[in-house]
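**Q** Sending over a structure as structure tokens; questions will come in a sec.
Numbering (the numbering used here), first residue to last: 745 to 837.
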């Protein structure tokens, strides 16, 4: 088993912090989108889109935002697990 150093722990913690920041930004982006989706649908309607097409497209955008947020949360969980694994190895040395 490879020795785990304090630097390894610091890097793992930094990776988790970056993943957390990414998740926060995705959460904010999704929230902003949710607040504006009715305006977006109306804008599409004003530009000749049918209501059904506008709702379908906005739904696809919403799903894309949701998928990105879920991926960011998964990444954050994975980085936390990495850190916890390294911390346990460090403590056991």
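Glycine included, C-beta positions come from ideal geometry on N, C-alpha and C.
Mapping the DSSP letters down to three states, classify residue 773 as helix, strand or coil.
**A** helix
**Q** Is the stretch 755-773 touching the stretch 783-802, taking contact as three or more C-beta pairs under 8 Å?
**A** no
**Q** For the alpha helix (DSSP H) holding residue 902, just list the boundary residues, first then last.
**A** In the structure as shown, the chain starts at 745 and stops at 837, and residue 902 therefore has no counterpart that could be examined.
**Q** Taking Cβ to Cβ, would you say residue 777 is nearer than 7 Å to residue 809?
**A** Yes; because the gap between Cβ atoms is below 7 Å, this pair is in contact.
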